[in-house]
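Reviewing the structure listed below.
Residue numbers (my numbering): 1 to 236.
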């Protein structure tokens with residue numbers, strides 16, 4: 001019985017921590033959330049205008065907040081102590097703000113071009129071409145998630161983060177498929193159940209994204225270590 005209560009307590013603590021961190025993330029994204037809610041009810045005439053404003057805000061609002069979110073869940077996964085969720089979030093937000101904005105500008109432009117091409121070519125995308133496009137979209141989703149993970153895990157510049165995150169996503173297809181699948185599933189479910197994002201959606205995606213990133217990094221390090229040992233034995 002004590003084991004059951006202990007398990008329930010740990011589960012409730014885990015869920016509460018996810019929900020609280022998600023709430024902080026949404027608060028820091030307040031301007032973007034406000035515009036997205038307006039997009040839901042606006043007419044087609046004003047939609048392009050609101051989309052443009054939202055896209056301009058993303059690098060300065062969404063990306064720093066999401067980087068901080070990844071930084072928080074990183075501490076949970078590697079079991080690193082923090083000084084309170086809000087204090088930790090704010091510290092990570094300030095620490096990585098410039099790199100987040102710089103990378104955010106690039107990724108917003110990239111995703112904008114990618115989505116515009118999709119809208120323009122949607123009528124001609126079918127069969128194998130559509131499958132390739134969807135696979136590339138999944139790869140780029142994981143690339144973006146790994147960018148956030150890389151920024152908070154390594155002390156490297158933005159170009160290195162973008163390049164290495166893409167290489168990691170390409171070289172670990174199973175992890176890439178898992179991360180992309182989770183993002184797509186949550187997006188699909190959230191279309192009719194917005195409370196998922198409002199409750200734990202952001203924290204859940206960040207946690208799983210960094211978890212798979214960390215596993216891929218650890219696997220890469222082990223492979224490199226084995227190769228170095230093999231080279232050492234050959235030279236000997």
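We put the beta carbon where it would ideally sit given N, CA and C, even for glycine.
Checklist entry - With burial defined as no fewer than 16 other Cβ atoms inside 10 Å of the residue's Cβ, what is the status of residue 100: buried or exposed? => result buried
Checklist entry - Do you know whose CA, among 15, 43, 11, lies nearest residue 203's CA? => result The option with the nearest alpha carbon to residue 203 is 15.
Item to check | Nearest residue (CA-CA) to residue 158, options 98, 38, 69 | outcome: 98
Checklist entry - My guess is that residue 69 and residue 21 are in contact by the Cβ rule of under 8 Å, so how many angstroms apart are they, rounded? => result 7 Å
Item to check | Continuous alpha helix (DSSP H) stretch holding residue 124: start and end | outcome: Taken as a continuous stretch (DSSP letters only), residue 124 belongs to no alpha helix (DSSP H), as it is neither H nor E.
Checklist entry - residue 73 and residue 29 look like a contact to me (Cβ under 8 Å); what is the Cβ gap, rounded to whole Å? => result Between the beta-carbon of residue 73 and that of residue 29 there is about 16 Å, and that puts the pair past the 8 Å contact cut.
Checklist entry - Any chance the stretch 173-192 sits against the stretch 135-150, with 3 or more Cβ pairs inside 8 Å? => result yes
Checklist entry - What runs of the alpha helix (DSSP H), each 4 residues or longer, lie entirely inside the stretch 123-204? => result 127-153, 158-171, 173-190
Item to check | Supposed close pair residue 67, residue 151 - CB separation, criterion 8 Å | outcome: 5 Å
Next on the checklist: Tell me the DSSP secondary structure of residue 48 in three-state form.
Outcome noted: Three-state result, residue 48: helix.
Next on the checklist: Less than 8 Å between C-beta atoms, sequence neighbours within five positions excluded: which residues of the same chain meet that for residue 156?
Outcome noted: 150, 164
Item to check | Buried versus exposed, by CB contacts within 10 Å (16 or more), residue 13 | outcome: exposed
Next on the checklist: Please report the distance separating the alpha-carbon of residue 90 from that of residue 231.
Outcome noted: 45 Å
Checklist entry - On the three-state DSSP scale, how would you describe residue 54? => result helix
Next on the checklist: If you reduce the DSSP assignment to three classes, tell me which class residue 117 lands in.
Outcome noted: helix
Item to check | Assumed close pair residue 104, residue 58 - CB separation to whole angstroms, cut-off 8 Å | outcome: 6 Å
Item to check | 7 Å Cβ shell around residue 199 - same chain, five flanking residues per side excluded | outcome: Cβ within range, chain order: 19, 22.
Next on the checklist: Measuring CB atoms only, is the stretch 209-225 touching the stretch 33-45, in the sense that at least three cross pairs come out at less than 8 Å?
Outcome noted: Not touching, per the Cβ criterion.
Checklist entry - Per DSSP, what kind of secondary structure is residue 105 in: helix, strand or coil? => result helix
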